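Asks: Following this message is one structure expressed as structure tokens.
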Amino acid sequence: MANILVLEDDEIFASLLQVSLEQAGHFPIICEDATETIAQYKEYDFDLVITDLIVKKNNRAIPDGGVMVISFLKGLVRDGYEIPPIIAMSGATQRPGLEQLLVTSKDLGATATLTKPFEPAELLILINQLLERPT
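Under numbering that gives the first Met the number 0, the first residue of the sequence shown is numbered 0, with each subsequent residue one higher.
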């Protein structure tokens, strides 16, 4: 099974992701912001990265979110390193001005995207596709 690095700032949603991934036999590490996510990435080997694009602290969006993680990983590619697939996710795409957020994340280097909320099965199918495992 896969070692999966997850950036999700919402505690309840992070717990749901962790349980779903563990029940599917994966080994997730959950982080609350990009700084922590990047530190974990430097420390361990991961087969997949899942990142929320917008991270909030005290109900305010902060720049320490998924775009920072994707940019960091794509910087590694420019330096000649291989990186795992990246799933970008967001629930903000229904907000005015943010409709193209997931499209932009693919332009930045995300391998795949998911609009929150989504069913755990949808995520697991996508993970299996990205890791080239049968569903």
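Glycine included, C-beta positions come from ideal geometry on N, C-alpha and C.
Predicted model, so just to flag it, every value in this text is computed and none were measured.
Would you call the region 30-38 and the region 110-120 touching, i.e. three or more CB-CB distances under 8 angstroms?
Replies: Judged by Cβ distances under 8 angstroms, the region 30-38 makes no contact with the region 110-120, as fewer than three pairs qualify.
Asks: From Y80 to T110, what does the alpha carbon distance come to, in whole angstroms?
Replies: Taking the sequence shown and counting its residues from 1, one reaches residue 80 at position 81. Taking the sequence shown and counting its residues from 1, one reaches residue 110 at position 111. Approximately 16 angstroms between the Cα atoms of the pair.
Asks: Report yes if the CB atom of I3 is closer than 9 angstroms to the CB atom of D46, and no otherwise.
Replies: Looking up residue 3 in the sequence shown gives position 4. Looking up residue 46 in the sequence shown gives position 47. Taking 9 angstroms as the Cβ cut-off, I3 and D46 qualify as a contacting pair.
Asks: Quick check: the region 15-28 against the region 67-84, are at least 3 beta-carbon pairs closer than 8 angstroms?
Replies: No, because fewer than three Cβ pairs between the region 67-84 and the region 15-28 fall closer than 8 angstroms, the two stretches do not touch.
Asks: Given that a residue counts as buried once 16 or more other Cβ atoms are within 10 Å of its Cβ, and exposed if not, what is M88?
Replies: One-based indexing of the sequence shown puts residue 88 at position 89. When all chains shown are included, M88 counts as buried.
Asks: Can the beta-carbon of A60 be found closer than 9 angstroms to that of I49?
Replies: As a first step, residue 60 must be located in the sequence shown, where it is residue number 61. As a first step, residue 49 must be located in the sequence shown, where it is residue number 50. No.
Asks: Return the CA-CA distance between P62 and K56, expressed in angstroms with no decimal places.
Replies: Position 63 of the sequence shown, counted from the first residue, corresponds to residue 62. Position 57 of the sequence shown, counted from the first residue, corresponds to residue 56. The alpha-carbon atoms of P62 and K56 are separated by roughly 10 angstroms.
Asks: In its own chain, which residues sit with a C-beta less than 8 angstroms from the C-beta of S19, not counting the 5 before and 5 after it?
Replies: Taking the sequence shown and counting its residues from 1, the one referred to as residue 19 is at position 20. Correct list, in chain order: P119, L122, L123.
Asks: Excluding the five sequence neighbours on either side, which residues of its own chain have a C-beta within less than 8 angstroms of the C-beta of L129, listed in chain order?
Replies: Here residue 129 refers to the residue found at position 130 when the sequence shown is read from its first residue. L47, P84, I86, T110, A111, listed in sequence order.
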